[in-house]
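These notes are about the structure you will find just below.
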Amino acid sequence: VPRDIATRAIFKVVYELGLGVEGQPMVYLDVSHLDPVLLERRVGGVLEIYEKFVGDDPTRVPMKIFPGMHYSMGGLWVDYQHMTNVPGMFAAGEVDYQYHGANRLGANSLLSCLYSGLVAGPAMVRWAKSQTSSPDGGGLAEREAKRQSDAYAKIMRLDGPENAYALAREMGEWMTANVTVIRHNAKLAETDDKLRELKDRWGRIGLSDRGQWVNHEVSFVKQLWNMLELARVITLGALRRDESRGAHYKPDFPERDDTSWLRTTKARWTSDGPEFTYEPVDVSLVPPRARKYDVKAGSAGAPGART
Amino acid sequence: MSDARSNIELRIKRQDGPDAAPYWQTFHLPWRPQHNVVSALMEIRLHPVTADGTHVSPPAWDASCLEEVCGSCAMLINGRARMACTALVDKLEQPIRLEPMSKFPVVRDLMVDRSRMFEALKRVKGWIPIDGTYDLGPGPRIAPDEQQFMYRLDQCITCGCCLEVCPQVSRRDGFIGAAAVAQALLFNSHPTGRMNADERLETLMGPGGIAECGNAQNCVEVCPKDIPLTHAIGEIGRQTTRKWLRDLFFR
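Same order as they appear, the protein sequences are chains G and R. Residues 1 to 307 in our numbering are what the first sequence spells out, letter by letter. Residues 308 to 558 in our numbering are what the second sequence spells out, letter by letter.
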């Protein structure tokens, strides 16, 4: 069973039917009937980590599990040489948007990482050798250094009542609840309001560490701003896409809609928030077809008919 | 000592910089099921206030994966070198004492500089040299039993616990450490890596090499990934002895 379908089935059991183990967001995954030798060979590392963190032996008692965030589908736009739209900046691996579309399937992360590295490495060398001067006519590094030190100084001056880690947790809770497995337009719109509120509150963060040596807090505050920007891209991108495709699932729009939505969402930063455009998906080699796993209709594993 | 089921008490050894004097601070946080030391430290930074009500900078520590594969959260927990992410609060005696490892220079608070681990990997050439300029064809086949054994060595997360507990490892010089010896064996076991076996053995026959091991066997006791470190040391000992004899008679 692909992980997005398994995840939706677990969400249904836990949130719709209210049948989580001990009333908590957990279900059982039982492997105790399988041969321990086979388990050790195939998934020994995973079971060992479970035992270490939970304290139960999964070869004897069922595991209590719940899906977690594991991978970002989508990322920086790159061309076929893996160069971003910033000349000279390349992206390879999970940071780029290539290959996976709306659903990365198991083990394909490593595949795309290896492939994109294989392409990006030589491409970077070729690009560097082909350049005779700085792409922007010089001064880029100086300007960026100035921009970054201004941003740093601004963060160092933050002196309000908000805690950056608490804001991040709040963002995480909203995103997890509304922008992960099951997406409703009303909730997505609410989440964007929340994100804008959090961006506003970001300006009222108070630093508890003003040291100049290994200050984790100051770099976290800086990253948090970027996380909020990206969270809006994900939320608004999902809000606009009225269909279900891969891991993007809207109960109000359960069908895949190739006529309107067989295209990739692209977001561009502007000072007024993300600006969206779309690019067509290259289907010249593999024509789109219905995604079927023969899950029995009406069972917990069948989240709406999918064509 | 506070009630372990309502409150968690952490005593953290802090140090503002590499040359600053260390000092201790105590933090209280509400008990929650499934807390580990990393999640407890995360809780502290939401509200970095000590037990006596002083607002302080949040303690600095390293962590990345939170599933015991990155190796960055190693520290002394109640005096034992171990990973903070798999140190379950409910299984620890309170107050929980957190200290940086002592065999590495302190960067700040619980963060240490483990560069020596990577320097050691460079010294033993912990890699297989392939320059990528031409197609070498398919790699040699490796029997499943050998793969299984090599995988155990490959699980090293470079956390440094084995160096921390080794009486032969000091802040300067001394034994290269069990981790690097095990990696030398890993790459000497690989059919392609074996082509450079002598270079790895050469290093391990020199200063800080295998002869410095005192057979305390603490390393294998604390290794969070259960790597057969003493076996690796024994096997590298055998390989270096053979090389020494070979060099003596046939060179």
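Glycine is no exception: its CB is placed at the ideal position from the N, C-alpha and C atoms.
{"Check": "Heavy atom of the ligand FMN within 8 Å of Arg352/R beta-carbon", "Outcome": "As presented, the structure is devoid of all ligands, the ligand FMN included, so that no description of it is given."}
{"Check": "Other residues of its chain near Gly203/G: CB distance less than 8 Å, five sequence neighbours each side excluded", "Outcome": "Leu158 and Gly160"}
{"Check": "Through-space distance from Asn215/G to Gly206/G, alpha-carbon basis", "Outcome": "14 Å"}
{"Check": "Validate contact between the region 466-479 of chain R and the region 385-399 of chain R using beta carbons, cut 8 Å, 3 pairs", "Outcome": "yes"}
{"Check": "Residues sharing a beta bridge with Gly206/G, DSSP", "Outcome": "Asp159/G"}
{"Check": "Boundaries (first-last residue) of the beta strand (DSSP E) holding Leu110/G", "Outcome": "It is not in any beta strand (DSSP E) - Leu110/G instead sits in the alpha helix (DSSP H) that spans Asn108 to Ser130."}
{"Check": "DSSP bridge partner residues for Trp225/G (one or two, in chain order)", "Outcome": "In DSSP, Trp225/G forms no bridge with anything."}
{"Check": "Identity of the residue in Cys113/G, Val31/G and Lys250/G nearest Lys64/G by Cα", "Outcome": "Val31/G"}
{"Check": "Beta-carbon proximity list for Val356/R, same chain, < 6 Å, skipping 5 on both sides", "Outcome": "His362"}
{"Check": "Residues sharing a beta bridge with Gln332/R, DSSP", "Outcome": "Ile319/R"}
{"Check": "9 Å Cβ cutoff met for Asn407/R and Met418/R", "Outcome": "In the sequence under discussion, the amino acid at residue 407/R is Pro, which differs from the Asn named in the question. A contact, by the Cβ cut-off of 9 Å."}
{"Check": "Local Cβ density within 10 Å of His248/G, reported as buried at 16 or more and exposed below that", "Outcome": "buried"}
{"Check": "Burial state of Asn525/R (16 or more Cβ within 10 Å)", "Outcome": "buried"}
{"Check": "Closest residue to Arg245/G among Ala231/G, Leu228/G, Arg263/G and Glu229/G (Cα-Cα distance)", "Outcome": "Arg263/G"}
{"Check": "Asp518/R versus Ile540/R: straight-line alpha-carbon distance, rounded", "Outcome": "The sequence given here places Ala at residue 518/R; Asp does not occur at that position. Answer to the nearest angstrom: the Cα atoms are 10 Å apart."}
{"Check": "Minimum Cβ-Cβ distance from Asn163/G to chain R less than 9 Å", "Outcome": "yes"}
{"Check": "Buried or exposed by the 16-neighbour rule on C-beta atoms within 10 Å, applied to Ser309/R", "Outcome": "Because Ser309/R sits at a pLDDT of 46, beneath the cut-off of 50, its placement in the model cannot be relied upon, and the point is left open."}
{"Check": "Where Leu555/R sits in the DSSP three-state scheme", "Outcome": "helix"}
{"Check": "Reference Ser371/R, options Thr499/R, Ile543/R, Phe494/R and Cys466/R, closest by Cα", "Outcome": "Cys466/R"}
{"Check": "Sequence-distant residues of its chain with Cβ nearer than 6 Å to Ala120/G (five each side left out)", "Outcome": "His82, Phe90 and Ala92"}
{"Check": "When Ala164/G, Ala231/G and Lys154/G are compared against Leu188/G, the one with the closest alpha-carbon", "Outcome": "Ala231/G"}
{"Check": "Any chain G beta carbon closer than 9 Å to Glu374/R", "Outcome": "yes"}
{"Check": "Neighbour list for Glu217/G in chain R, Cβ cutoff strictly below 7 Å", "Outcome": "Pro365"}
{"Check": "Distance, Ala427/R Cα to Arg459/R Cα", "Outcome": "19 Å"}
{"Check": "Local conformation of Gly237/G per DSSP, three classes", "Outcome": "helix"}
{"Check": "Best match in Gln341/R, Leu348/R and Ile315/R for proximity to Asp416/R [C-alpha to C-alpha]", "Outcome": "Leu348/R"}
{"Check": "Partner residues on chain R for Asp209/G, Cβ-Cβ distance less than 9 Å", "Outcome": "Pro355, Val363, Ser364, Pro365 and Ala367"}
{"Check": "Cβ-based neighbour list, Asn343/R, same chain, cut-off 8 Å, excluding 5 preceding and 5 following", "Outcome": "Ala391, Cys392, Thr393, Ala394, Leu395 and Val396"}
{"Check": "8 Å Cβ cut-off: residues of chain G touching Met418/R", "Outcome": "Val214"}
{"Check": "Within-9 Å CB hit, Gly324/R to chain G", "Outcome": "yes"}
{"Check": "8 Å Cβ cut-off: residues of chain R touching Lys250/G", "Outcome": "Chain R residues near Lys250/G: none, gap ~31 Å exceeds 8 Å."}
{"Check": "Proximity test, Cβ basis, 9 Å: Val14/G and chain R", "Outcome": "no"}
{"Check": "Interface residues of the region 46-58 of chain G facing chain R [CB-CB below 9 Å]", "Outcome": "Glu48, Ile49, Lys52, Phe53, Val54 and Gly55"}
{"Check": "Reduced DSSP secondary structure (H/G/I, E/B, other) of Ala394/R", "Outcome": "coil"}
{"Check": "Expected contact under 8 Å - CB spacing of Val376/R and Ile464/R to nearest Å", "Outcome": "6 Å"}
{"Check": "Interface partners of Ala166/G on chain R, CB under 7 Å", "Outcome": "Leu353"}
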